[in-house]
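In what follows, a single structure is set out as structure tokens and then discussed.
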Amino acid sequence: MSLPPEVNPASKPHPDHVRSARDAFWQNVVIEMLTSLTAQSYARATAGPDAPPPEGLFTLITHSSQKIPVAGIAPLLACSISDQRSLSAEVQCSVFRVYTPAGEVVTLPVSEIASVHAISREAQERLQKARAGMLPGPEGDDDEPFGFAAFTSLARSSRDEEERA
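The sequence shown lines up with residues 2 to 166 when you count with my numbering.
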């Protein structure tokens, strides 16, 4: 008696094949996201000073946990070359040049990108206002750094114990 193909363990794809397919899928997702971001950046650059600000703040996170903030981005090979069309189609938009807000230029392949972090314009504005002290913080917030009250409380209790001894 044989099992149906969907139940037969021998019919399951090899884990290496599944991993390769998932890696290829992720890289295609990243390529689509980054080329879309490239098009938006180009549209803003050609629209002049009245262009709307970018939709969000993007950061690329590599497999080595390096965080690369994105101020601008462009693929190194964005289109196929006619004499080498098959090879060119396989590698187009697989390497990007990333311009950071600090003026650095980072060139990296999509295979190195572990995740893409984005924050909306509204969340970015709220963060900037909170940093500037324009939004109310938690009760008792006297513009002290996070955790400072706990630190000073610990220091005071240690000092009080020494004075009692």
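The beta carbon of each residue, even a glycine, is placed where N, CA and C say it ideally should be. Source: prediction; values computed, not measured.
Judging by CA-CA distance, which residue of the options is the nearest neighbour of residue i?
i, options, result
"E168", "P14, L58, T36, V71", "Residue 168 lies beyond the stretch modelled for the chain, which goes from 2 to 166, so this question has no answer here."
"I114", "E105, G104, R98", "R98"
"M34", "R165, Q129, A133, S116", "S116"
"Q67", "H118, A124, K13, R165", "H118"
"F26", "E123, T36, S112, E105", "S112"
"E105", "T47, D161, A72, Q41", "A72"
"N29", "Q41, A124, L128, Q93", "Q93"
"I32", "L78, L128, E123", "L78"
Which of helix, strand or coil does DSSP assign to residue i?
i, result
"A115", "strand"
"S95", "coil"
"T63", "strand"
"K68", "strand"
"A124", "helix"
"A22", "helix"
"T1", "Residue 1 is absent from the model: the chain starts at 2 and stops at 166."
"A131", "helix"
"L58", "strand"
"P102", "coil"
"P76", "strand"
"P14", "coil"
Hey, residue i and residue j are a contact pair by Cβ (cut 8 angstroms); roughly how many whole angstroms apart?
i, j, result
"T101", "P76", "Actually they are not in contact, since the Cβ atoms of T101 and P76 sit about 17 angstroms apart, beyond 8 angstroms."
"P110", "S121", "That pair is no contact at about 28 angstroms."
"I74", "T108", "Going by Cβ atoms, the distance from I74 to T108 rounds to 11 angstroms, so no, they are not a contact pair."
Checklist entry - Pairing CB atoms from the stretch 58 to 72 with CB atoms from the stretch 13 to 24, are three or more of them under 8 angstroms? => result no
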